[in-house]
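First up is the structure itself, then whatever we jot down about it.
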Amino acid sequence: MSRRFRLILSILPAMLFPQSSNPAPVETEIDAPERLQMLVREATCAEASAAKSAELNGTSLSDVLSSSSGGRAIFYVSPDGKDTWSGLLPTQQGSDGPFASIERARDAAREKGGANTIALGKGDYYLTQPIVFDARDTGLILTARCDEAPILHGGSRVRDFAQQADGRWTASLKLPPDEGVGDLFVNGIRQTRARFPNAPADGDPRKGWLFAAKCESAIDVGDGNTRFCFHAGDLPAVDDISGLVADIVGGFRPGSQWGNDTLPVVSIDGASRTVHTKGTGYFFTAEGSRYFLTGAKALLDAPGEWWYDPAAGQLHYIPVDQSLANSVVVAGILPTFFKLDGANGMVVSGIEFRDGAPAGSGKFYTETRGFGTIRIEHANGVKILGNTIQNVGVGVHVTESKDALIAGNVIGDVAGNGIYVGTNYGTFGKSNGARILSNHIHDIGTTYIETAGIWFQAADNVRIADNLIENTAQFGIAGGSLWGSNDAVYDAVIEHNVIHNANQQTADGGAIKLMGEQADPLNSTIRSNLVTGTGHLMNRADGTFWPPGYENTREWPSPVSWAIYTDGKASGVRIEGNTLSGNVAAIGINGGWSNLVTGNVITHGSGAAFRVDDGTGRGWRPSWARPNRIEENVVSVDSNSGIAAYVNAPDLGPGFVQFARNRYSGKLNNQSFRIDPRIMRSGEFGSLRDFQKAGADTGSVVAPPE
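Laid out in structure tokens, this is it:
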């Protein structure tokens with residue numbers, strides 16, 4: 054954790070709003086996530102002692118070894134082993150020693166029967182197919198040997214590159230007809246699939262894009278998922294479009310850039326300047342949608358780019374430097390390394406998973422959720438502890454499995470979701486009781502931006518606590534229903550997390566979001582989290598971008614971004630004791646009732662401190678509905694154009710939200726409160742006094758400058 058976070062965490066108690074009615078502080082583990090991660094690895098390794106395991110007592114991870122009682126056999130695996138050996142020795146001794154493959158160790162454990170342990174020795178394991186565990190593996194522990202670091206790669210190592218006359222390098226790579234290279238890694242660093250325009254050398258997310266044109270013959274919005282138009286001169290000549298893909302960010306219209314997709318190109322019509330794609334049943338494009346093309350040989354022209362020729366079984370690559378012969382090159386093929394299907398109580402611990410295929414966006418209404426480096430299906434009580442998962446498609450995916458514990462892991466540089474807990478679209482089985490604790494999750498949504506560090510749905514009684522989440526494309530934590538009662542969540546607790554730099558790639562997102570499409574109270578809590586740096590990225594139809602942190606409540610379309618918000622009629626949520634600093638908007642409520650926002654500290658925002666809208670619940674007022682309450686918060690407005698509260702609820706009137714006993718400071722003026730319906734005498738905008746005279750606030754004060 055950076056020194057900045059340690060400093061913020063050390064001063065948090067002094068920042069919280071003093072209220073005798075607030076609950077007593079809950080001891081948090083986030084002040085030392087690295088220590089916990091290391092301790093989990095040490096306590097769960099193959100030869101761990103009872104003394105080391107006891108060090109977890111007093112933390113929320115004290116029961117991580119509850120299923121690892123004595124009487125186990127240990128089967129050892131090593132890259133230097135042989136599957137003809139017994140697997141009962143950790144190293145070679147004469148003509149015996151460890152197994153060479155995890156599959157052989159799994160089969161030996163099944164043959165013995167009972168709950169056993171597989172211990173992986175140090176070194177590199179190159180997987181060519183997913184390893185499947187099932188009900189025969191109930192209670193199995195798959196872990197590292199103590200003080201050793203096994204590394205599992207999601208594909209083969211590529212050797213014997215030959216330099217060509219044009220400066221490119223090629224290597225033979227024969228794959229089955231239905232397989233391709235998902236990503237290429239050189240010395241552990243992801244390389245760039247051949248693309249146009251080339252990726253910006255400085256990593257600026259505002260560079261390296263083309264922008265869709267307005268079609269001369271307007272297309273129906275429903276056709277926007279299968280075609281888009283381009284400006285004259287934008288596209289390079291591509292004679293062979295096989296493998297060509299458009300990676301595009303957009304929505305129904307300019308200003309709704311809330312998602313992306315990778316759309317295979319079917320044809321390019323030069324006369325009408327139209328790109329026809331295979332599309333999806335869900336994604337839409339419009340004028341100004343930003344995109345780049347990737348996957349064709351003609352686009353291979355920059356250092357660090359690669360292209361795979363499936364017909365010839367040959368990999369083409371332009372190295373960043375010429376020391377390729379001494380580099381470790383891995384072709385990432387597998388989106389799933391381990392599949393736990395019915396393997397109740399299984400433990401996976403202390404292993405590094407890396408270099409997989411970037412499949413599995415997490416996008417709803419599709420089957421693209423069907424991946425995950427560790428994928429858990431119909432397996433209850435599984436524990437994923439102290440692993441490192443990097444350069445993969447989805448980190449950990451839990452489907453229709455109860456009481457999962459995912460703790461002490463480092464998950465980063467992930468194409469889609471870091472952790473997903475929920476259901477299969479169309480079956481809607483529950484994943485109740487999940488605990489997601491003390492993980493470090495970073496750089497999420499590198500390919501698919503409509504994703505989260507942690508995403509959960511169809512999962513009741515979930516606890517997400519003490520995680521450090523940094524640099525996500527859209528959400529830090531996203532939970533709740535997208536389809537209604539089928540995937541509803543209840544009794545969720547999201548607490549003591551640190552979330553930094555969420556929503557770095559979309560125009561509509563935030564650090565923590567709860568959805569409530571089922572339209573009843575969620576009875577859930579978001580408390581004592583620290584959120585900083587939540588941003589947005591949005592371009593206009595002409596390809597220019599809104600400035601970072603921009604918010605203008607008078608303008609639409611316009612980027613929107615929240616530190617914490619409820620959406621889709623989410624009701625009955627308590628947002629309490631959070632510290633939100635340096636975000637755009639701080640707290641938003643969109644469409645739901647009976648939410649309580651209390652005891653939060655809000656500083657240095659570039660947008661509204663509170664943004665309340667009846668949009669997703671317009672006209673909806675159930676019999677149990679009570680006003681949303683925003684009370685006893687501390688708010689600093691740090692710019693002359695800053696908004697303390699923006700309420701847009703014309704259909705539901707002033708009874709939709711009630712403010713009370715908040716403390717405001719900073720640059721407040723007669724434009725600091727905006728409310729529709731216009732109940733203030735001053736009109737749509739007014740001061741705190743105007744707000745109170747209209748009956749929308751009781752007891753709030755403006756603190757004098759210090």
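For the sequence shown, the working numbering assigns the number 54 to the initial residue and increments by one for each residue that follows. Glycine residues also receive a C-beta, built at the ideal position from the N, C-alpha and C atoms.
Using a C-beta cut-off of 8 Å, the segment 638–653 makes no contact with the segment 588–597, since fewer than three inter-stretch Cβ pairs fall below that distance. Of F663, D667, G625, G706, the smallest CA-CA separation from S647 is found for G625.
The Cβ atoms of V328 and F283 sit closer than 8 Å to each other.
If you draw a 10 Å sphere on the C-beta of E108, you find fewer than 16 other C-beta atoms in it, and that means exposed.
Straight across, the Cα-Cα distance linking S484 with K350 is about 43 Å. If you draw a straight line from the Cα of A572 to the Cα of A702, it is about 18 Å long. Judged by beta-carbon spacing, L173 lies within the 8 Å limit of R198, meaning their Cβ atoms are closer than that value. In this structure, DSSP gives A96 a helical state, which the three-state scheme calls helix. With 16 or more other Cβ atoms from the protein chains shown falling within 10 Å of its own Cβ, G304 counts as buried. Between I552 and N582, the C-beta gap is smaller than 8 Å, which places the two residues in contact. Where I301 is concerned, the enclosing beta strand (DSSP E) starts and stops at 298–303. A Cβ-Cβ contact shorter than 8 Å links G461 with Q90. Between the alpha carbons of F738 and G748 lies a gap of roughly 15 Å.
Between the segment 647–656 and the segment 675–684, the count of Cβ pairs shorter than 8 Å is three or higher; the stretches touch. H495 is bridged by DSSP to G465, E523.
In the structure shown, P610 falls within a coil segment according to DSSP collapsed to helix, strand and coil. In the DSSP assignment, Y129 forms a beta bridge with A172. In this model, A285 and P363 are separated by some 32 Å (Cα to Cα). Going by DSSP, R682 is part of no alpha helix (DSSP H) but of the beta strand (DSSP E) stretching over 681–684.
Under the three-state reduction of DSSP, T651 is assigned to strand.
Taking C-alpha positions only, R210 is separated from A384 by approximately 6 Å. Residue pairing by DSSP places H450 opposite R428, Y473 in a beta bridge. Going by beta carbons, I502 and I530 fall outside the 8 Å limit.
The residue among D231, R607, A623, Y473 with its C-alpha nearest the C-alpha of S534 is A623. In the structure shown, the three-state DSSP call for S342 is coil.
For F481, DSSP assigns no beta-bridge partner whatsoever. Per DSSP, M399 has no beta bridge partner at all.
Annotated three-state conformation of K455 is coil, per DSSP. Residue environment: A756 is assigned as exposed (fewer than 16 neighbouring CB atoms within 10 Å of its CB, all protein chains considered). Within its own chain, the residues whose Cβ lies closer than 8 Å to the Cβ of P388, once the five positions on either side in sequence are excluded, are G207, G235, G409, A410, P411, A412, G413, F424, G425, T426, V445, G446, V447, listed in chain order. Excluding the 5 residues flanking it on each side, I321 has same chain C-beta neighbours closer than 6 Å at V328, in chain order. Just so you know, the alpha carbons of I294 and L288 end up roughly 12 Å apart. In this structure, the CA atom of D257 is about 45 Å from the CA atom of L193. Per the Cβ contact rule, the segment 331–344 is not in contact with the segment 355–375 (fewer than 3 Cβ pairs under 8 Å).
Taking a contact to require three or more Cβ pairs closer than 8 Å, the segment 386–402 and the segment 182–192 qualify as touching. If only complete runs of 3 or more residues are kept, the segment 704–748 shows the beta strand (DSSP E) at 710–713, 716–719, 726–729, in order along the chain.
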